[in-house]
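Asker:
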Amino acid sequence: MARASSPTGHATRGTTNTNRLRRVDRWIAARPELLRAPAPLVVDLGYGASGVTALELYTRLRTVAADVEVLGLEIDPDRVARATAQLEDVRAGRTPFPTDARVRFARGGFEVPTPRPPTIIRASNVLRQYDETEVADAWRLMTARLAPGGLLIEGTCDEIGRVSSWIDVSADAVPLRFTISLRLAGLEHPAIVAERLPKALIHRNIPGERVHDLMALLDTAWERNAALATFGPVQRWLAVVAAVRDAGWPVQTNRTRAKLGELTLPYSAVAPR
Ligand SMILES: C[S@@+](CC[C@H](N)C(=O)[O-])C[C@H]1O[C@@H](n2cnc3c(N)ncnc32)[C@H](O)[C@@H]1O
């Protein structure tokens, strides 16, 4: 285990928000990797200025994995102190979270100092403030800590969690899938997610790159299916997902997930050229 005094990475802005990560949490809650793990340890890496997203992650996951444990790791020691104080409020029943929530906070960076290998590491809005060239090393460091069959989920979202996307990466550092998840009610156009792509892709939204083709197709299909808005944004999005599939993209999203505003593709379909 790496020494707590030398976490890998650097402190960045701590912006976070209640409910901000609900979309990625919902996706994590459906992962077979989580559901089949006995007493899974889940890490919220870089939880930010408050521990709320770690507490929410625990609350959401315990409904599908009763014995889940969440460890919030932060590189900034002041944020560890603040979240630890929040936890005292939780234990004292002064918050909506269960007083016996199996949540802890500690200092740590990409070396992910945990007492046992985590099944899931969720790193949301962390790499956004790093350089693109630092992504591969950060993925390698974090995934090296995963339990066999575990997943790193690394991505970005807007401040209130309506527009989000992430990449899940295997324990041997192979990026598996790319997922976008959009709040469909009030969605103006799906390529808004281009502003909230994971670091590995956000600078690749340029002509000649696959993710750029995908963004263009999403908006074209959204416009073409404008008439379906009469039946609601879900019907319009289902038509977009069908159009992406019909255009030959290897869509992995079933109808149930698509209705949630999701689209998942193998990472290879959008990987930088
Ligand atoms: C923008 S906040 C994101 C907070 C929360 N995850 C969210 O999505 O709302 C990013 C946080 O990641 C932390 N951070 C940056 N690099 C880190 C690293 N290598 N290890 C742990 N935390 C890190 C920063 O200190 C900051 O508090």
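Going by the numbering used here, the first residue of the sequence shown is number 5, and it counts up by one from there. Backbone N, C-alpha and C define an ideal beta-carbon position, used for all residues, glycine too.
(1) For T63 and V56, I'd like the C-alpha separation in whole angstroms.
(2) Taking V107 as part of the alpha helix (DSSP H), name the residues at either end of that continuous run.
(3) Per DSSP, what kind of secondary structure is D217 in: helix, strand or coil?
(4) Any heavy atom of ligand 1 within a distance shorter than 6 Å of the CB on N129?
(5) Give the list of continuous alpha helix (DSSP H) stretches no shorter than 4 residues that lie fully inside the stretch 105 to 179.
(6) Would you check whether ligand 1 has a heavy atom nearer than 6 Å to the C-beta of F114?
(7) Could you check the C-alpha separation between R200 and D162 for me, to the nearest Å?
(8) Going residue by residue through the stretch 64 to 110, where are the continuous beta strand (DSSP E) segments of at least 3 residues, counting only ones entirely within it?
(9) Say yes only if the C-beta of T57 is nearer than 6 Å to one or more non-hydrogen atoms of ligand 1, and no if none qualify.
(10) What do you get for D250, buried or exposed, if any count of 16 or more other CB atoms within 10 angstroms of its CB means buried?
(11) Return the residue from the list L65, L218 and T12 that minimises the CA-CA distance to Y134.
(12) Please name the residue or residues paired with R228 in a DSSP beta bridge.
Answerer: Working from what's here:
(1) 10 Å
(2) Note, V107: premise wrong, no alpha helix (DSSP H); beta strand (DSSP E) at V107 to R111.
(3) helix
(4) yes
(5) 139 to 147
(6) yes
(7) 7 Å
(8) 73 to 78
(9) yes
(10) exposed
(11) T12
(12) Bridge partners of R228: none, in fact.
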